[in-house]
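Visitor:
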Amino acid sequence: MDDSPRPPSEQSPPPPPPPAQLHTGSPTDFLKGVVGKRVIVRLTSGVDYKGVLSCLDGFMNIALEQTEEHVNGVVTNKYGDAFIRGNNVLYISAAETL
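Under full-length UniProt numbering, read the sequence shown as residues 1 to 98, first letter to last.
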């Protein structure tokens with residue numbers, strides 16, 4: 001067998017990078033899975049709130065504990081508890097691996 005390197009056209013392509021996080025299931029399953037865990041809540045205004053998701057309801061009203069407010073990536077305030085009205089929420093992201 002020839003041990004010489006093959007030309008680039010004959011080499012197999014590199015495997016695709018693994019996804020950052022692959023979540024299979026419904027949004028409801030995701031939300032149930034992140035209760036009690038650290039999350040990032042992005043508001044429609046662009047402000048991020050990072051904290052522990054203590055509860056949420058069907059209107060996406062959110063209660064966070066150990067909350068930090070981030071504006072342009074800079075911590076601007078820290079709150080013990082924060083309550084966010086659901087119509088202001090753009091998305092909820094897990095801050096830690098599920």
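C-beta atoms are modelled at their ideal positions from N, C-alpha and C, and glycine is treated no differently.
#1: Taking the alpha-carbon positions, what's the C55 to D48 distance?
#2: Out of curiosity, what's the CA-to-CA distance linking K50 and K37?
#3: Could you please give the first and the last residue of the uninterrupted beta strand (DSSP E) stretch that includes D81?
#4: If you draw a straight line from the C-alpha of I62 to the C-alpha of V71, how long is it?
#5: If we count Cβ pairs, one from each stretch, closer than 8 Å, do we get three or more for the region 26-42 versus the region 81-94?
#6: Looking at the secondary structure, which residues open and close the beta strand (DSSP E) in which V47 lies?
#7: Is T67 closer than 7 Å to Y79 when the C-beta atoms are compared?
#8: Could you check the C-alpha separation between T24 and K32 for me, to the nearest Å?
#9: Between T76 and E69, what straight-line distance do the alpha-carbon atoms span, to the nearest angstrom?
#10: Go ahead and label V34 buried or exposed: buried means 16 or more other beta carbons lie within 10 angstroms of its beta carbon, across all protein chains shown.
Guide: Inspection of the coordinates gives the following:
#1: 17 Å
#2: 10 Å
#3: V74 to I84
#4: 19 Å
#5: yes
#6: Segment: none, V47 is in no beta strand (DSSP E) and carries neither H nor E.
#7: yes
#8: 13 Å
#9: 6 Å
#10: buried
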